[in-house]
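Down below is the structure, laid out as structure tokens.
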Amino acid sequence: MRKSFGDEVADDLRFVVKSIVGEENFIEMTPNKSNNYCCGGGGGFLQSGHTEARRSYGKIKYDQIISTGADYCITGCHNCHAQVHDLAHHFGGTFNTVHLWTLICLSLGILGPNERTYLGDDLKEVNVFHPETAL
Amino acid sequence: MPENSIKIKGKKKSLFIDKVKEIIPDGGNLNLCLTCGACVSGCPATGLEGMDPRKFLRMASLGMDEELTTTPWVWMCTMCQRCSYVCPMKIDIPQLVFNARAAWPRDQRPKGIRDSCDMAMRNDSNSAMGTAPDDFIFVVQDVLAEYQEAQPEFKDMQAPIDKVGSHFFLNQNSREPVTEPDELVPLWKILHLAGVDWTYGSKGWAAENYCLFLADNDCWEHVTRVSAKQADELGCKVFLNTE
Chain A
1 MRKSFGDEVA DDLRFVVKSI VGEENFIEMT PNKSNNYCCG GGGGFLQSGH TEARRSYGKI
61 KYDQIISTGA DYCITGCHNC HAQVHDLAHH FGGTFNTVHL WTLICLSLGI LGPNERTYLG
121 DDLKEVNVFH PETAL
Chain B
1001 MPENSIKIKG KKKSLFIDKV KEIIPDGGNL NLCLTCGACV SGCPATGLEG MDPRKFLRMA
1061 SLGMDEELTT TPWVWMCTMC QRCSYVCPMK IDIPQLVFNA RAAWPRDQRP KGIRDSCDMA
1121 MRNDSNSAMG TAPDDFIFVV QDVLAEYQEA QPEFKDMQAP IDKVGSHFFL NQNSREPVTE
1181 PDELVPLWKI LHLAGVDWTY GSKGWAAENY CLFLADNDCW EHVTRVSAKQ ADELGCKVFL
1241 NTE
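Heads up: the protein sequence lines correspond to chains A and B, in order. Heads up: the first sequence is residues 1 to 135, going by our numbering. Heads up: the second sequence is residues 1001 to 1243, going by our numbering.
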């Protein structure tokens, strides 16, 4: 999105994220938007078999995330999610990696018990929609 | 002319960089490098395989075609375009990388990417997992029915497939329907509450495009046309790519 439509779209997404989590809970990483670093999940890297190189590439992104001190990292697409999730696991980070849709539904109070795979323990039991349907 | 001057004989070698310049807009500015290194300093792939974006471009300028078209580094650059973004001359290094990928014999390109592309060519789903249209339709309908019942506030929620005249044509990474179908639902809920007029396609529903990453232009064009054709035939106005 940002690559095609520019930083204005990135600003739109920040409006969404801040509306969900509250301005005071949003932490910007540095650098950001068009100056940000690619996580290393795209371009086929995840399927290329070069796992060690992929994690070495992603270490920059991992360090960026860690230096924010954030508990949650929101990723924009499935590829980024898979890569950042793997980076956290590999380098021992304790932050959670979530899709934006998860947090939108959580904030609206419509996130069911089976839609919380990527939430951490701190949010797993918060405001559960139809908790009786847990599997 | 002095007698001891060097005379270059024979035809000029056709260089890889010249071929790439012919096929990308404005020749990708590939001759304009000032060697400033802004690309290198911000590239996460710098140092992998002893390579970096500036070095790659300089090697192209020097005609080191053999090295360029065999280094596995081209599969470690994600073509994120940060190098072009920070480049004072707006040089299109990612396109040079893409075309270097394309120079590899297909059977020597990374197996994981190639297999994913081949899977996408098996049927009209475009899925890197080879999932057939009928399987996708079954999963979507099954999950939708389950949630309509379990969460009655969403009994009217829809997850349309091939809904003619929808405004948005939405695609979906195969991993969600195939390996974690509950992850489909939050997005459906948001679209439902926002009153969005959208549809999936039974054809071209899968969002990932490994034929693009494989730099296999014919297959890439095929899968892209399958998706675009389906969106067009349904009369959709906007193609929403979620990947």
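Glycine residues also receive a C-beta, built at the ideal position from the N, C-alpha and C atoms.
Check: Buried versus exposed, by CB contacts within 10 Å (16 or more), residue 1171 (chain B); Outcome: buried
Check: Span separating the alpha-carbon of residue 1098 (chain B) from that of residue 1051 (chain B); Outcome: 15 Å
Check: Chain-ordered neighbours of residue 45 (chain A) on chain B, where CB pairs are closer than 8 Å; Outcome: 1075, 1076, 1078
Check: Coil, strand or helix - residue 128 (chain A) by DSSP; Outcome: coil
Check: Under 9 Å from the C-beta of residue 1116 (chain B): neighbouring residues of chain A; Outcome: 44, 47
Check: Sequence-distant residues of its chain with Cβ nearer than 7 Å to residue 1130 (chain B) (five each side left out); Outcome: 1119, 1122
Check: Unbroken alpha helix (DSSP H) run spanning residue 1056 (chain B), endpoints; Outcome: 1053–1061
Check: Spatial distance of residue 123 (chain A) from residue 134 (chain A) (CA atoms); Outcome: 15 Å
Check: Contacting positions in the region 1051–1070 of chain B - beta carbon closer than 8 Å to chain A; Outcome: none
Check: Distance, residue 1143 (chain B) Cα to residue 1136 (chain B) Cα; Outcome: 11 Å
Check: Alpha-carbon spacing of residue 1175 (chain B) relative to residue 1209 (chain B), whole angstroms; Outcome: 13 Å
Check: Residue 8 (chain A), buried or exposed, once every other Cβ within 10 Å from all chains shown has been counted against 16; Outcome: exposed
Check: Selection from A:34, A:84, A:69, A:60 that minimises the alpha carbon distance to residue 26 (chain A); Outcome: A:69
Check: Residue nearest to residue 1076 (chain B) in terms of C-alpha spacing, selected from A:12, A:39, A:15; Outcome: A:39
Check: Terminal residues of the beta strand (DSSP E) in which residue 133 (chain A) lies; Outcome: Counting along the chain, residue 133 (chain A) falls outside any beta strand (DSSP E), and DSSP gives it neither H nor E.
Check: Residue 1240 (chain B): first and last residue of the uninterrupted alpha helix (DSSP H) it sits in; Outcome: From DSSP, residue 1240 (chain B) is part of no alpha helix (DSSP H) but of the beta strand (DSSP E) over 1238–1240.
Check: Whole alpha helix (DSSP H) elements within the region 4–61 of chain A, 4-residue minimum; Outcome: 7–21
Check: Extent of the continuous beta strand (DSSP E) run through residue 74 (chain A); Outcome: 72–75
Check: Residues sharing a beta bridge with residue 1198 (chain B), DSSP; Outcome: B:1168
Check: Straight-line gap, residue 1231 (chain B) to residue 1128 (chain B) (C-alpha atoms, nearest Å); Outcome: 20 Å
Check: Under 8 Å between C-beta atoms of residue 55 (chain A) and residue 33 (chain A); Outcome: no
Check: Short-range partners of chain A found in the region 1164–1175 of chain B, where Cβ spacing is below 7 Å; Outcome: 1173, 1175
Check: Members of the region 99–117 of chain A near chain B, C-beta cut-off 8 Å; Outcome: 99, 101, 102, 104, 105, 108, 110, 111, 112, 114, 115, 117
Check: N-terminal and C-terminal residue of the alpha helix (DSSP H) that residue 1097 (chain B) is part of; Outcome: 1093–1102
Check: Cβ-Cβ separation, residue 1079 (chain B) to residue 1033 (chain B) (assumed contact under 8 Å), whole Å; Outcome: Not really, about 18 Å apart at Cβ, beyond 8 Å.
Check: Stretch-stretch touch, CB-based, cutoff 8 Å, three pairs: the region 1183–1192 of chain B with the region 1104–1115 of chain B; Outcome: no
Check: Nearest-angstrom Cα separation, counted from residue 112 (chain A) out to residue 1205 (chain B); Outcome: 25 Å
Check: Beta-carbon gap between residue 1151 (chain B) and residue 129 (chain A) smaller than 8 Å; Outcome: yes
Check: Terminal residues of the alpha helix (DSSP H) in which residue 1179 (chain B) lies; Outcome: 1175–1179
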